[in-house]
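Final position of the sequence shown in the working numbering is 423; the numbers increase by one with none missing.
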Amino acid sequence: MRYSVFTIVLLALFALTGCTEARLAAHAVKQLPGMGASKSQGTFKVGNPYVIDGKRYTPRETYSFTETGIASWYGRDFHGKRTANGEIFDMNELTAAHRTLQLPSLVRVTNLENGRSLIVRVNDRGPFKRSRVMDVSRRAAELLGFKNQGTAKVKLQVLPQESMKIAEAAKRGEDTRGTEVAANEGRLSVKPPREPITTQQASYQPPAEVEVEQLGTSAPPGHLKEGKFLPDPVVEQMPVSPTNIFVQAGSFTDRTNAQNLAQSLQSYGRAQVYPATVNGQQFYRVRFGPMRDVAMADGVLSNLANAGHAQAIIVVE
107 MRYSVFTIVL LALFALTGCT EARLAAHAVK QLPGMGASKS QGTFKVGNPY VIDGKRYTPR
167 ETYSFTETGI ASWYGRDFHG KRTANGEIFD MNELTAAHRT LQLPSLVRVT NLENGRSLIV
227 RVNDRGPFKR SRVMDVSRRA AELLGFKNQG TAKVKLQVLP QESMKIAEAA KRGEDTRGTE
287 VAANEGRLSV KPPREPITTQ QASYQPPAEV EVEQLGTSAP PGHLKEGKFL PDPVVEQMPV
347 SPTNIFVQAG SFTDRTNAQN LAQSLQSYGR AQVYPATVNG QQFYRVRFGP MRDVAMADGV
407 LSNLANAGHA QAIIVVE
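This is the structure:
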């Protein structure tokens, strides 16, 4: 038997009696009736290319995507405002902003400095600071362990199957809010299509629907806050290796072009050429670093951008 998301919340509430308050909590899927204003469910969105600080970004629908870089977080200044896909931003939910991924999508974010890893749902555009690859909600930053320091080196990985499921659901006009909670708890699934109804006139095959699996007899740990049930998210601990921060001014297939650029940039620091092979193709990357910290990398990147090198980026390896 299948349960709706609202039914799951009610089951969890009844089962919570006697539970101790959880240490880490993320906002759940639905708000209980009569407890505050309703929220927009948002829509599926990719969007058109756009330019920030001279750099062009082209959003696209993709389910094979990995990226490393610097993440930051956003909170109270944007709380209650519209996201790019039409939802209302809640800094206490596990959501994030990305410049090019389809909205919504599910992304595993791993803090490369402490190994904490969490799934967030991307529902907004940003960051608007060129040196960042993602803005996560305040709550996600807390759980990933970088709220106080403001930034962290991270690895982003789109969850392909789960992201396809919620994309199709959003395209059908279904509400995908809270699927990040289910994904963190391993409860995101897809209903199999119902048997087609066949008549002499037509044959109809209903599409699959995104749902959260039945909780069973044991409810997840969590607590109530302002009328909402807050389940514990699953914050995984991943093995991580030491990484460095570089500022990359350009990447070339011709070594001479790379060397010429590196030579022209010596007034900004020690630019070096780093060979790299990607999918069998040889590249020559012009980089500064390793950098002492994010602030130093931000400074070098800003200087390069102001000098007209709009394609310069921060790289974490």
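All C-beta atoms in this analysis are idealised placements derived from N, C-alpha and C, irrespective of residue type, glycine included. Quick caveat: nothing in here was measured; it's all calculated off a predicted structure.
The DSSP-derived three-state label of E423 is coil. Between V379 and Y390, the C-beta spacing is below 9 Å. When the beta-carbon positions are compared, N217 and V260 come within less than 9 Å of each other. Residues of the same chain with a CB within less than 8 Å of the CB of R222, apart from the 5 flanking positions on each side, are T216, L249, L250, G251, V341, E342, Q343 and M344 in chain order. The beta carbons of A403 and S237 sit about 7 Å from each other, so the pair counts as a contact at 8 Å. If the five residues before and after S357 are omitted, its C-beta is found closer than 6 Å to the C-beta atoms of F389 and R391, all from its own chain and listed in chain order. In the DSSP assignment, M240 forms a beta bridge with A177.
Judged by their CB atoms, V226 and V239 are not nearer to each other than the 9 Å cut-off. Boundaries of the beta strand (DSSP E) harbouring S211: S211 to N217, taken from the DSSP string.
Distance from the CA of D281 to the CA of R205, rounded to the nearest whole angstrom, comes to 22 Å.
The Cβ-Cβ distance between R398 and A355 does not fall below 9 Å.
For the pair S211 and S269, the CB atoms are nearer than the 9 Å cut-off. The DSSP assignment places complete beta strand (DSSP E) segments of no fewer than 3 residues inside the region 380–413 at 387–394, in order along the chain.
In the three-state reduction of the DSSP assignment, K253 falls in the coil class.
Leaving aside the five residues that flank K277 on each side, the residues in its chain whose CB is nearer than 6 Å to its CB run, in chain order, F150. CA-to-CA, the gap between A416 and R283 works out to about 35 Å. Burial check for N254: the Cβ neighbour count within 10 Å stays below 16, so the residue is exposed.
Of all alpha-carbon atoms in S373, G395, N229 and M197, the one lying nearest the alpha-carbon of R182 is that of M197. A Cβ-Cβ separation of about 7 Å places V422 in contact with I176 under the 8 Å criterion. Residue pairing of R162 in beta bridges, as defined by DSSP: V157. A Cβ-Cβ contact shorter than 9 Å links S178 with P233.
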